[in-house]
Amino acid sequence: MLTILLLIPIVTAAALFLGKGNRSWAKASALLQLGITLLVWFGYDQSKAGYQFVSQTDALFPGLDLRYSVGVDGLSLLMLLLTALVTVAAVWFSPNMPANNRAGLFDGSVLLISAGATGAFVAKDLFFFYAFHELALIPTFLLIGLWGSGERQAVAWKITIYLGVGSIILLTGLVDLFLAIPAASRSFDLQKLQEVAASHLIPAAAQVRPWLLLTVGFGILVSLFPFHSWAAPAYACAPTPVAMLHSGVLKKFGLYGMVRLAVPFLPQAFHQPVWGTWTAQDLLLAALLGNIIYVGLVTIAQRKLDYVIGYSSVMHMGYVFLGIASLNIIGLSGACLLMFSHGLSVAALFAITGAIREREGSLNFERLGGAAKSVPFLSVAFAMAAFASIGLPGFSNFASETMVFFGGFKDGATGFLKTSTVFALWGVLISAVYMLRSYKAVFLGEPTASSLKWTDLHGTARFALALLPVALLLGGFFPHYFLGFLKPTLEAALR
Amino acid sequence: METSLPWIILLSPLASAVLILLFAHRSKPLSVLLSLTAVFAAFGSTLLLFSSHSVVQTSATWIDLGPALHLTIGLKIDALTRVMLLVVTGIGALVHVYSTVYMAEDDGKARFFGSLSLFMFSMLGIVLADNLAMMFIFWELVGVSSFLLIGHWFTKPSAAKAANKAFLANRVGDFGFMSGILLVWAATGSVEFAGIQENLAKLTVNPSLLTLAGLCLFCGAVGKSAQVPLHVWLPDAMEGPTPVSALIHAATMVAAGVYMLARIFFILEPSPVALGVIAAVGAVTAVLAALMATQQDDIKRILAYSTLSQLGLMVAGIGVGAWGASMFHLFTHAFFKALLFLGSGAVIHALHHEQNIWKMGGLRRTMPKTFITFVIGTLALTGTPGLAGFFSKDAILLAAWHKSAFIFGAALFTSLLTAYYMTRLVVVAFFGEAWTPNAKHGHDCPPAMTVPLMILAVLSVISGYKFFAGSIFGEELFHSVHAAEHVSLVPILAVSVFSIGTAGAWFLYNGRSKDPVKIPLFRNKFYIDELYASLIAGTQDLLASFSSWFDHFILDGVIVRGISGLTWGVGYTLRLLQFSNLQGYAFLFGTGVVILFYMLIK
Amino acid sequence: MSPILFWAFSALMLAFGVSVILNRDPVASALSLVASFLCLAALFVGLDAFFIGVIQVLVYAGAVMVLFLFIIMLLDLKAEKRRSFNKFALLGGAAVTALFVAGLLKVISAFPAGAKPFPALGVASVDDVRQVGLAIFTRFNLPFQTVGVLVLVASIGVIVLSRRQLK
Amino acid sequence: MNPLTLNHYLLASGLLFSLGFAGVMLRRNIITIFMCLELMLNAANLSLVAFSRFHVGADGLPNYNAQVLVFFIITVAAAEVAVGLAIIVALYRARQTTHVEDIQSLKF
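Residue numbers (the numbering used here), protein chains in the order written: chain A, 179 to 673; chain B, 912 to 1513; chain C, 364 to 530; chain D, 9 to 116.
Here it is, written out as structure tokens:
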């Protein structure tokens, strides 16, 4: 079943590359992907821990337990749902292209990114886990380079090289981790690795180096503080679907990897002194505070809507890392749910930004204003997504952020963790400042002459966009339902 | 049936808000109908709840992570909740009826009623909450609904700015509130009031932590009830339609802070430092707001500052330990302040959105019903003996008398100023001649507006007496209201202060067409707004632009572009080695060999 | 062989080497190179390496130098006229060579084994052709084949390179 | 004269090598450079043969490995000269000069 889910976007993308089919093919493939994901979602049996819907070939290389194997457990299922929802919205919000084969190239690449993300989350094998993510990088470069806006070539190069370096560091980290495991129990299969991790075979001192490599590698992929300068310009200059898929879904690969590999394998590494008296956890906390406070302030200074949302998505990564750094069940489940909800809210925000860019051309605040009069649906959707992303109760972002904050204050938390949680709380205020300022600048106030001519969203695009806030509300009112999926995986990870 | 009532109260406004958003955002009558049924359903079930005085408790899990964390949407009805429920649903219903006419010709009417229902849902959530986490959830939801309501006429830039300001000020308060909750949770391990009560010892064992947690929780109240540092948003919130000001910025939302303090009083009680700070903040707010109110010309701004000062009084009441008296004052204040606001709404509606009192005048003849109800409300507020205000303010003064002279002095001075500026308002607006032609054709509003005024006028009178308040408060709660034993001097002082204030204002303003007293300091609100604008907004933008510059040039420029520049540079210099001279190459080759040779044989 | 012969031949060899460098006329330097190769062959013979000596004469002096002369004649090179005298290049080159020689002397002086005289041969007359042939076809057979292929490739290369472009 | 030692031969081959190297660096005619190259190669041969004569094996014969190596060097040198001269001819035909300074197309 999962292999079919993986093949749909790839086959459609191939057909589109060859010039056959049009945008409706891409839409059909996205809907099919969502359909199958929901089938898997409701077919998943929460009580059983471990992987379900598993299908695998036999070992590809003799002697190496490496095989094409796909399976899904609570956490990856949540990420799959996120990917499917965002893909549907992304395809619907792709800018309409002149009907030539390059349009096929555009839609095909968008589907390839989605396939890369799906593959990464579905892969039960370390090799394919890494390979699928790399698959998603190539079309990103193509799309930003060809169809981006602003100084797109420079930005496309920057994101590709930056992520390339990140992937290399990550690869060394993975290899280092793999070699740190005693030879007998080495395997590429994530399930076996989970059992190995549970028995804590890697001595504490030996955990520090793989931890650093993994955290820096994943940090670059996820725009952790010192390595974040590629993110915002890339999302701002990227065409809408790429920005949605990349900031909404692909960024979660890094965090998914942290939860899947760093937390179960290298728990003691967090408390090992790495630099003078600073333990690894302190370094991570300092970095994520950089994300929250520093990038938050940078976001306030932005004058263009797409840059504000780009930087805000970088800033919210700080909260997910805070959840991971707190290393307890509350913080971790908060982090995983936040990955899901942040993906949805930032995808919705980018979709609307794309729609505005299509209608107005420029996105800086001086040229916009009072759009709520002429595009009520867009302004309500933007308000919902904006309030969700700044953590308004009723949306699942708030539920997950609460868990992250409670995780940060759980007894046994170090002093620095508590103070950084308080700073993260202050970050919530900063995010409110810039998000409300941009909402006021774009939608409220005196309607500009050009904004009166805007046509509101119509037809099926409304449902595609509406999917995201609805999912956020579901997560907000019934987080318990989603946590049921996450609990077995996270308890196994923290054992 | 007993446990389903709270759910009906809570969820009916939510249902109406959702239905309006999804289906009825086009048709005005349907949305009005939906929100009216919702608010009256809530009001009805509240009255039903008064039939029995038992404590009702139901809850639904929100987040359940086993022993580690268990957050619930818990509803608890006890005496305090009943009082607040009555106030919220009662005044809510009256405001809903009032706005059907007031907002008649507004094209965003459906959106208005949707936001009103959302507000009712969030406010009821706060009142019904049985744990701090749930209270925080609805705390922010109330913040959002006030953002929507203040910014109702969003095309007006000033309204949009005021809405933003309100939300951000509340958010600052919420930041403190959440830190308080986390501190309490970290110490006692539970967020429910009952849970905290049980292992309060774990918190009180460390007095500095207790004070810190108490003051953090108090931050939430400062944000919501607009106490001194965070009071700037309330006067600007008058940008919203008047029913909004009446419901939110007089009776219910701003009272949420006082209610929360009353709820968590058992946490604050063991730490005198926290109570002292709370009392001081309350007193300062009361005096400051009263001073500002004396110099305002906009009728709604005067009432806003009056609300601020009365809230300061309630918070001071809690600070001196008389949370019962504060709740009683909140109870009575809700009625007459809503009456005053709705009255001013009627005046504004009649004079085609004229809000400056100096452009009104002589309305007692043209708007008799509004005039009578407005005077009753003013007398109740200023504390004339026999009306509601007198009893509740007296209870607070009594408690303050026993606790600290400074608080008592401040409260007394505030009552003086309250009498002064309220009489000033009534005299200028209603007595004398119509200062402008527009004021001449004032007329009483249709019954849908004047009937609520009358009901509120009646309530303002009887809400002070035992037979009415006692039944609502219930025996032991009403007893705690009058806990402090009676000192006859206090009421005498109160009455004398009231008469001085009223007489002073009467003589000063009777028959005047211009404001004789000009104090720019008060008129410009002690220049606090300008201070905030330059201090907070200024430093934040400065910091933001610096970090954006730093991010662009240093972090992005030096490190990222630096590395790419470095590689380019190295490439460029190495290129120079190809200088196409064969001898040169041989020479380099030779020198290389020789150097290698010497390195080896050394 | 007696030291006198060694000194004579090596001195001659070096002298002809110098004349190869200094001569303006390429033909003259080519011929002096031939002479230098012959002296070298003599030294080989002195070291009882008769087969190598003969090969040296046949291949080097015979084939290679003939090729050189042929090319020089083919290209009809005149003696170089006096070009701009680039002093720095000369100086640099001489300095590097001098340094190299100094290094060489230092190594040789610090090389104790070198100071001992040549050990006498165990056998009266050494049949080195058989020995070398034996070594090539047993121990060094693979290198021998590869060198064969190399020479083949070289000749094809030469033909391709010197073919006149059929424009 | 004191008896011949290995150092004498090494010295001779070293001098010959440095002569060849100086020639390569100083002369500007490509043919002469090529000839000096040959000189350097022969210097190497000389030291190889000297060592071969110096290491007398148990059976009293010199160690012939070095001589086989010299044999291969000579063959390779021959091939190299052939190809080198072909290149020089092609170069001459293209640029009508064998003077090193005139050939500068690979400049930066």
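Quick reminder that beta carbons are idealized off the backbone N, C-alpha and C, glycines included.
Problem - Below-8 Å beta-carbon distance, B:Ile1383 vs any chain A residue - result: Among the CB atoms of chain A, none fall inside 8 Å of the CB of B:Ile1383.
Exercise for the section: Taking B:Ile1383 as part of the alpha helix (DSSP H), name the residues at either end of that continuous run. Expected result: Here the alpha helix (DSSP H) through B:Ile1383 covers Lys1377 to Phe1384.
Exercise for the section: For the beta strand (DSSP E) holding D:Asp67, just list the boundary residues, first then last. Expected result: Where D:Asp67 is concerned, there is no enclosing beta strand (DSSP E), given that its DSSP letter is neither H nor E.
Handout entry: Neighbour-count burial assignment, A:Leu310, 16 or more Cβ in a 10 Å radius
Key = According to the sequence provided, residue 310 of chain A is Phe. The question's Leu does not apply to it. Burial is judged here by how many other beta carbons sit within 10 angstroms of a residue's own beta carbon; A:Phe310 has at least 16 and is buried.
Exercise for the section: Ignore the nearest five residues each way along the sequence and tell me which others in B:Asp1017's own chain have a CB closer than 7 Å to its CB. Expected result: Cβ within range, chain order: Phe1023.
Exercise for the section: Could you please tell me which residues of the region 1068-1080 of chain B, in chain order, have their CB closer than 7 Å to any CB of chain A? Expected result: For the region 1068-1080 of chain B, residues whose beta-carbon sits nearer than 7 Å to a beta-carbon of chain A comprise Pro1068, Ala1071, Asn1075, Phe1078 and Leu1079.
Problem - is_contact[D:Ser26, chain C] using C-beta, thresh 8 Å - result: It does; some Cβ of chain C falls within 8 Å.
Exercise for the section: Report the neighbours of B:Leu1507 on chain D: residues whose CB is nearer than 9 Å to its CB, in chain order. Expected result: Result: empty, since nearest Cβ-Cβ is about 14 Å, beyond 9 Å.
Handout entry: Nearest neighbour of A:Gly286, chosen from A:Ala639, A:Lys588, A:His378 and A:Gly197 [CA to CA]
Key = For the residues A:Ala639, A:Lys588, A:His378 and A:Gly197, the minimum Cα distance to A:Gly286 belongs to A:Gly197.
Exercise for the section: Determine the DSSP secondary structure at C:Gly409, reduced to helix, strand or coil. Expected result: Residue state, collapsed to three classes: helix.
Exercise for the section: May I have the straight-line CA-CA distance separating B:Ala1077 from B:Val1165, to the nearest angstrom? Expected result: Going by the C-alpha atoms only, they are around 12 Å apart.
Exercise for the section: Please classify A:Leu304: is it buried, with 16 or more other beta-carbons within 10 angstroms of its beta-carbon, or exposed? Expected result: Under this definition A:Leu304 is a buried residue.
Practice task
Taking only the alpha-carbon atoms, compute the straight-line gap between B:Thr914 and B:Ala1162 and give it to the nearest angstrom.
Solution key: When rounded, the distance between both Cα atoms is 27 Å.
Problem - C:Ile434 classed as buried or exposed, judged by whether at least 16 other C-beta atoms fall within 10 angstroms - result: Flag for C:Ile434 reads buried.
Exercise for the section: Report the option in A:Met493, A:Ala465 and A:Leu466 whose CA atom is closest to the CA atom of A:Ile478. Expected result: Looking at the Cα atoms, A:Met493 is the closest of the given residues.
Practice task
Locate the alpha helix (DSSP H) running through A:Phe231, then write down its first and last residues.
Solution key: DSSP places A:Phe231 in no alpha helix (DSSP H) but in the uninterrupted beta strand (DSSP E) bounded by Gln230 to Gln234.
Problem - Contact set between the region 434-468 of chain C and chain B, restricted to residues whose Cβ is under 8 Å from the partner - result: Taking 8 Å as the Cβ-Cβ cut-off against chain B, the residues of the region 434-468 of chain C that qualify are Ala452, Gly455, Gly456, Val459, Thr460, Leu462, Phe463 and Gly466.
Practice task
For D:Ile81, collect the residues of the same chain with a Cβ closer than 8 Å to its Cβ; drop the 5 residues on either side in sequence, then sort them by chain order.
Solution key: Same-chain partners within the cutoff: Leu49, Ala52, Asn53 and Leu56.
Handout entry: Under 8 Å between C-beta atoms of B:Leu1253 and B:Ala1157
Key = Using a Cβ distance threshold of 8 Å, B:Leu1253 and B:Ala1157 count as a contacting pair.
Practice task
Output the residue ranges of the alpha helix (DSSP H) runs that lie fully inside the region 1482-1513 of chain B and measure 4 residues or longer, sorted by chain position.
Solution key: Runs of the alpha helix (DSSP H) inside the region 1482-1513 of chain B: 1493-1512.
Exercise for the section: Name the two residues that bound the continuous alpha helix (DSSP H) containing B:Val1195. Expected result: Taken as a continuous stretch (DSSP letters only), the alpha helix (DSSP H) holding B:Val1195 covers Pro1183 to Ala1204.
Handout entry: Whole-angstrom distance between B:Asn1349 and B:Ala1416, CA atom to CA atom
Key = B:Ala1416 and B:Asn1349 have their C-alpha atoms roughly 25 Å apart.
Practice task
Give a yes or no on contact between the region 533-544 of chain A and the region 1004-1013 of chain B, applying the rule of three or more CB pairs nearer than 8 Å.
Solution key: Too few Cβ pairs lie closer than 8 Å, so no.
Handout entry: Neighbouring residues, chain D, relative to C:Leu377 (Cβ below 8 Å)
Key = The answer, in chain order, is Ala20, Leu23, Leu24 and Leu27.
Practice task
Identify whether A:Lys631 lies in helix, strand or coil by the three-state DSSP scheme.
Solution key: A:Lys631: coil per DSSP, three-state reduction.
Handout entry: B:Trp1460 versus B:Trp1096 - alpha carbon distance
Key = Looking at the two C-alpha atoms, the distance is approximately 40 Å.
Problem - Straight-line gap, C:Met436 to C:Val427 (C-alpha atoms, nearest Å) - result: About 14 Å.
Exercise for the section: Identify the contact partners of B:Gln1451 in chain A, using a Cβ-Cβ distance below 9 Å as the criterion. Expected result: Per Cβ cutoff of 9 Å: Leu475, Ile478, Ile608 and Val611.
Handout entry: Beta-carbon spacing of C:Ile418, D:Phe62 below 8 Å
Key = Contact: no.
Exercise for the section: Less than 8 Å between the CB atoms is what I'm expecting for A:Ile316 and A:Val420, so what's the real figure, rounded? Expected result: Beta-carbon to beta-carbon, A:Ile316 and A:Val420 are separated by about 12 Å, too far to satisfy the 8 Å threshold.
Practice task
Compute the distance between the beta-carbons of A:Val674 and A:Ile502, then report whether it is under 8 Å.
Solution key: In the structure as shown, chain A begins at 179 and stops at 673. Residue 674 of chain A is therefore absent and cannot be evaluated.
Handout entry: Close Cβ partners of B:Leu1029 (< 6 Å) along its chain, the five nearest in sequence each way excluded
Key = Beyond the five residues adjoining it in sequence on each side, B:Leu1029 comes within less than 6 Å, by CB distance, of Ala928 and Ser1056 in the same chain, given in chain order.
Practice task
Go through the region 1412-1465 of chain B residue by residue and report every complete run of the alpha helix (DSSP H) that reaches 4 residues or more, in order.
Solution key: If we require 4 residues or more, the alpha helix (DSSP H) runs fully inside the region 1412-1465 of chain B come out as 1431-1434, 1439-1443 and 1449-1460.
Problem - Whole alpha helix (DSSP H) elements within the region 1202-1261 of chain B, 4-residue minimum - result: Whole alpha helix (DSSP H) segments, 4+ residues: 1210-1230 and 1234-1261.
Handout entry: Three CB pairs or more closer than 8 Å across the region 484-500 of chain A and the region 464-474 of chain A
Key = Result yes; three or more Cβ-Cβ pairs closer than 8 Å.
Exercise for the section: Would you mind sorting B:Leu1370 into buried or exposed? The rule is 16 or more other CB atoms within 10 Å of its CB. Expected result: Residue burial annotation: B:Leu1370 is buried, with at least 16 other C-beta atoms found within 10 angstroms of its C-beta.
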